[in-house]
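Residue numbers (our numbering): 4 to 114.
By construction, the Cβ of each residue, glycine as well, lies at the ideal position given by its N, Cα and C atoms.
Reading through the structure tokens given below for one structure.
Quick look at the structure:
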């Protein structure tokens, strides 16, 4: 519902980024405050692009599909933390990653 997709790489979560997240504690502090104030949080992320397939094609070129899987598109989504039917206020689980997990083709431009 929030517009986040499994595999998204979060570059910024509101004012929180790679230099000030303190092992994600800054996100844990921000989310309840945003929920209490009904604030939106802008999230800058990288999302994997899906291979483009023409209608009627059954087998896109393997190298093109693999390249599209590695490419990521930078985008901004806005979420409003709130209680929902599961645990937490986001409806997803955020975990830390490091640059070794990124593909060399990812465009993180100054991340």
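Quick check on this structure: which residue in 81, 22, 41, 88 has the alpha carbon closest to the alpha carbon of residue 101? 22
Tell me whether residue 99 sits in a helix, a strand or coil according to DSSP, three-state version. coil
Since residue 47 sits in a beta bridge, which residues does DSSP pair it with? Looking at the DSSP output, residue 47 sits in a beta bridge with 15, 79.
Do you know how far the Cα of residue 46 is from the Cα of residue 36? 16 Å
Neighbour-count burial assignment, residue 84, 16 or more Cβ in a 10 Å radius: buried
Please report how far the alpha carbon of residue 99 lies from the alpha carbon of residue 26, in whole angstroms. Between the alpha carbons of residue 99 and residue 26 lies a distance of about 7 Å.
Since residue 20 sits in a beta bridge, which residues does DSSP pair it with? Residue 20 is bridged by DSSP to 15.
What's the call for residue 17, buried or exposed, on a 16-neighbour Cβ count within 10 Å? buried
In whole angstroms, give me the CA-to-CA distance for residue 53 and residue 90. 30 Å
Taking DSSP as the reference, what is the three-state secondary structure of residue 30? helix
According to the Cβ coordinates, are residue 33 and residue 78 closer than 8 Å? no
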